[in-house]
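Residue numbers (my numbering): 17 to 915. Each residue gets a CB set at the ideal place from its N, CA and C atoms; glycine is no exception. Take a look at the structure set out below.
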């Protein structure tokens with residue numbers, strides 16, 4: 017017995033075994049068709065081992081008829097109460113996820129054509145393109161996927177297997193265009209007659225023994241009126257007027273009559289167009305259990321996919337060379353379920369013919385639902401007792417009645433059948449008839465249960481407002497007032513305006529295409545993403561999402577999105593990748609409302625520390641009472657000094673809030689080094705600035721509140737609830753219980769909080785005027801009054817670099833107007849100067865790119881460009897200067913910005 021192995025992703029080593037799936041409810045199958053599908057089917061127990069691997073996009077490995085293991089990608093999973101139905105396709109079809117814009121070969125053998133297809137793929141894959149076809153051909157693949165070009169529709173052109181008279185073999189990552197799959201080892205079979213395990217089909221009507229051949233226009237002899245060369249008639253031996261059947265064949269590559277005749281001869285020698293088309297479908301399961309034919313079963317098991325066998329056809333008394341063109345195989349027991357032998361290989365060389373094979377199989381195999389309905393209908397009819405059949409009038413009957421009583425006058429349940437139709441009534445012979453089929457082709461019923469309805473248009477009125485539902489060629493359409501306003505099909509839901517123009521679509525990235533093909537996201541925008549998009553151009557098509565009149569989002573066609581009404585964001589808000597107004601936002605010095613200035617009431621160092629915390633917390637969205645509650649706990653933790661740079665005496669804590677990572681750290685493993693632990697928190701929070709500074713510590717604390725430190729032990733249990741508290745004493749107690757988590761409550765902290773509240777309540781917080789131009793974690797490489805690296809001159813500014821070392825947005829440090837934009841300066845590289853209203857200027861050097869222009873009015877939220885290393889720069893950084901009183905009148909940037 018062989019196992020089916022499952023994988024969540026394809027292994028690098030294809031020999032490696034995955035999770036063995038053993039709990040199949042029946043024998044799984046592999047079905048392969050020449051130049052067609054190559055699939056795996058199976059039903060697995062709902063609670064079977066490793067059932068979590070049965071997911072779309074995962075992979076299976078199964079043994080096939082030649083003894084090799086092949087990989088299959090799961091693309092369809094259906095679940096019921098007891099089982100999971102899995103359908104997977106050979107990984108060779110994953111090559112179809114790629115795309116060929118255009119590949120053209122004017123004259124090339126199989127290897128040259130396959131190389132050309134590979135070289136023109138949109139992106140690289142692991143697939144190996146190879147061929148042993150030595151004949152030379154012209155081939156075009158344009159705007160098509162690779163497998164479709166080889167064996168599919170090829171965007172309306174002849175596919176590769178048809179052009180080359182070759183076949184596509186798949187061996188995991190190998191895509192091999194070969195002259196012929198399989199071998200001809202002189203295998204001979206006599207199926208005999210009346211064997212139920214063998215289904216024989218013979219077509220002797222479409223044979224041709226005389227050929228009218230059409231070639232191309234001779235080289236160097238082309239004009240509009242020039243006809244292609246022809247030859248009539250190429251015939252096999254023994255053709256007479258009585259048995260002649262003429263067929264027309266064309267090959268534009270043949271430019272001489274000799275080439276045309278030589279090619280035409282292959283239609284007899286290879287394609288055998290003069291022989292009847294014979295197909296034998298063999299049920300190997302039935303044959304194995306037919307004792308008198310066990311020798312035939314044993315013989316057929318030695319055939320492999322593509323192999324040739326000479327089959328005797330008693331009905332025609334001829335021998336026909338057939339090939340195994342399809343099989344269904346049980347990979348776990350390594351036996352065939354069914355094989356198909358045939359000599360009409362044209363059915364497997366073009367997309368149209370391949371689809372014809374599929375349609376025939378569908379017609380020959382009714383669905384499970386249809387079978388169930390037929391059985392139910394049979395039970396309803398044959399299971400009735402006491403029914404009475406009456407022909408009337410008795411002497412010259414023209415209708416049949418089937419009734420629940422023998423008398424027409426008192427019968428209630430009646431079937432009535434005459435030339436006008438067939439109807440059923442629960443109310444006697446005169447109706448009304450709730451179920452009816454009329455002679456005009458009308459069907460009346462409250463409930464119709466069928467297998468398949470095949471109709472060009474299915475139409476129904478379904479609302480009082482005149483809406484109509486139509487099913488047209490597989491698409492559902494909604495109409496009103498003779499105008500289509502909605503359609504549901506492969507693209508999803510598509511909508512139209514009153515003028516008949518398409519407005520937009522609701523679908524998936526698979527059906528409606530991905531409107532963000534260049535987007536870089538944490539996870540790829542896969543086929544299962546939901547898409548709502550318009551089809552119009554700029555400002556002509558908008559998307560409106562509204563819960564009430566004048567409320568909600570308006571997404572304009574020009575890309576601008578407007579929201580009307582209040583907007584509450586529970587989570588992070590990012591602008592160009594940077595967090596805005598959120599806990600632990602990644603901007604350097606993101607210290608809320610702290611502006612670097614103190615009010616008159618902050619007249620001691622302790623009060624200055626407290627004011628810095630108060631202003632920072634207020635800027636981070638804390639109410640005055642909540643901020644006072646935090647201050648009360650700071651005083652309880654570090655004492656009346658309120659110094660944030662405080663280590664616990666003989667203990668593991670550090671900072672104004674005495675962060676302790678000795679037992680349950682938020683970041684990393686436990687440590688008794690409180691300072692080192694707080695630095696971990698500082699780095700994880702992506703808050704910039706010096707970790708020893710009070711405002712920076714408050715921003716880190718704010719990040720900790722939403723990242724595991726706040727346990728919600730007492731009410732209010734949420735961070736957002738705490739931030740809007742209105743009583744300082746209660747806020748101190750709540751903060752201690754939910755954030756500090758002490759063994760016992762310290763009631764004195766409520767008093768501390770009330771004192772701070774009384775001191776700072778209502779005191780105006782000066783708005784921050786100057787802001788660090790780098791808003792992500794950063795490092796200072798060089799101060800303003802140092803000698804510049806390699807210049808022997810006073811530096812004149814501060815060099816700031818992101819900790820990541822990568823280019824980052826550079827913001828205006830203060831509101832103003834762009835004064836100079838200078839590209840490619842030998843020293844400053846790409847640099848910019850912003851002029852401010854009170855005699856100040858700011859200089860920004862070494863940009864990689866600049867996005868503002870002279871005359872632009874900028875604010876501290878304006879991105880001026882991206883930091884870089886243009887000019888005299890040895891690495892990516894921003895050279896930042898502040899001028900006061902005139903151009904190039906440099907002062908220390910730290911005089912106006914707290915770095």
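When the options are compared against residue i, the one with the closest alpha-carbon
{"i": "residue 71", "options": "92, 670, 915", "result": "92"}
{"i": "residue 489", "options": "439, 503, 226", "result": "503"}
{"i": "residue 726", "options": "681, 563, 312", "result": "681"}
{"i": "residue 940", "options": "640, 197, 656, 735", "result": "In the structure as shown, the chain begins at 17 and stops at 915. Residue 940 is therefore absent and cannot be evaluated."}
{"i": "residue 634", "options": "773, 573, 788", "result": "773"}
{"i": "residue 32", "options": "20, 43, 761", "result": "20"}
{"i": "residue 244", "options": "231, 254, 423, 251", "result": "231"}
{"i": "residue 182", "options": "192, 173, 188", "result": "192"}
{"i": "residue 782", "options": "36, 627, 547", "result": "627"}
{"i": "residue 796", "options": "706, 144, 529, 610", "result": "706"}
{"i": "residue 4", "options": "169, 794, 816, 269", "result": "The displayed coordinates of the chain run from 17 to 915. Any statement about residue 4 would go beyond what the structure contains."}
{"i": "residue 728", "options": "171, 760, 625, 753", "result": "753"}
{"i": "residue 188", "options": "830, 27, 172", "result": "27"}
{"i": "residue 750", "options": "731, 700, 52, 736", "result": "731"}
{"i": "residue 882", "options": "848, 907, 858, 857", "result": "848"}
{"i": "residue 437", "options": "421, 423, 420, 459", "result": "459"}
Residue i and residue j closer than 8 Å at C-beta
{"i": "residue 570", "j": "residue 551", "result": "no"}
{"i": "residue 891", "j": "residue 863", "result": "no"}
{"i": "residue 147", "j": "residue 130", "result": "yes"}
{"i": "residue 338", "j": "residue 327", "result": "yes"}
{"i": "residue 509", "j": "residue 522", "result": "yes"}
{"i": "residue 48", "j": "residue 103", "result": "no"}
{"i": "residue 850", "j": "residue 874", "result": "yes"}
{"i": "residue 721", "j": "residue 755", "result": "yes"}
{"i": "residue 342", "j": "residue 299", "result": "no"}
{"i": "residue 74", "j": "residue 23", "result": "yes"}
{"i": "residue 826", "j": "residue 790", "result": "yes"}
{"i": "residue 710", "j": "residue 672", "result": "yes"}
{"i": "residue 919", "j": "residue 319", "result": "Given that the chain is displayed from residue 17 to residue 915, the structure contains no residue 919 and the question cannot be resolved."}
{"i": "residue 887", "j": "residue 841", "result": "yes"}
{"i": "residue 88", "j": "residue 62", "result": "no"}
{"i": "residue 218", "j": "residue 292", "result": "yes"}
{"i": "residue 66", "j": "residue 35", "result": "yes"}
Assumed close pair residue i, residue j - CB separation to whole angstroms, cut-off 8 Å
{"i": "residue 434", "j": "residue 415", "result": "4 Å"}
{"i": "residue 747", "j": "residue 642", "result": "5 Å"}
{"i": "residue 828", "j": "residue 880", "result": "6 Å"}
{"i": "residue 909", "j": "residue 813", "result": "7 Å"}
{"i": "residue 41", "j": "residue 59", "result": "5 Å"}
Residue interval of the beta strand (DSSP E) (run including residue i)
{"i": "residue 819", "result": "Counting along the chain, residue 819 falls outside any beta strand (DSSP E), and DSSP gives it neither H nor E."}
{"i": "residue 492", "result": "491 to 496"}
{"i": "residue 764", "result": "Counting along the chain, residue 764 falls outside any beta strand (DSSP E), though it belongs to the alpha helix (DSSP H) covering 764 to 776."}
{"i": "residue 233", "result": "Run containing residue 233: none; DSSP gives neither H nor E here."}
{"i": "residue 737", "result": "Run containing residue 737: none in the beta strand (DSSP E); it sits in the alpha helix (DSSP H), 735 to 739."}
{"i": "residue 296", "result": "293 to 299"}
{"i": "residue 524", "result": "518 to 524"}
{"i": "residue 251", "result": "246 to 251"}
{"i": "residue 76", "result": "75 to 79"}
{"i": "residue 710", "result": "No beta strand (DSSP E) contains residue 710, which is instead part of the alpha helix (DSSP H) from 710 to 720."}
{"i": "residue 895", "result": "894 to 900"}
{"i": "residue 832", "result": "832 to 841"}
{"i": "residue 218", "result": "214 to 219"}
Residue i, enclosing alpha helix (DSSP H) - first and last residue
{"i": "residue 273", "result": "273 to 285"}
{"i": "residue 549", "result": "Careful: residue 549 lies outside any alpha helix (DSSP H), inside the beta strand (DSSP E) at 546 to 550."}
{"i": "residue 957", "result": "Residue numbering for the chain in the displayed model covers 17 to 915; residue 957 lies beyond these limits and cannot be assessed."}
{"i": "residue 86", "result": "That residue, residue 86, is in no alpha helix (DSSP H); its beta strand (DSSP E) goes 85 to 95."}
{"i": "residue 691", "result": "690 to 701"}
{"i": "residue 130", "result": "126 to 135"}
{"i": "residue 179", "result": "176 to 180"}
Next on the checklist: I'd like the ranges of any alpha helix (DSSP H) spanning at least 4 consecutive residues and lying wholly in the stretch 138 to 170.
Outcome noted: 162 to 167
Checklist entry - Which ranges would you report for the alpha helix (DSSP H) in the stretch 616 to 680 if only whole runs of at least 4 residues count? => result 621 to 635, 640 to 654
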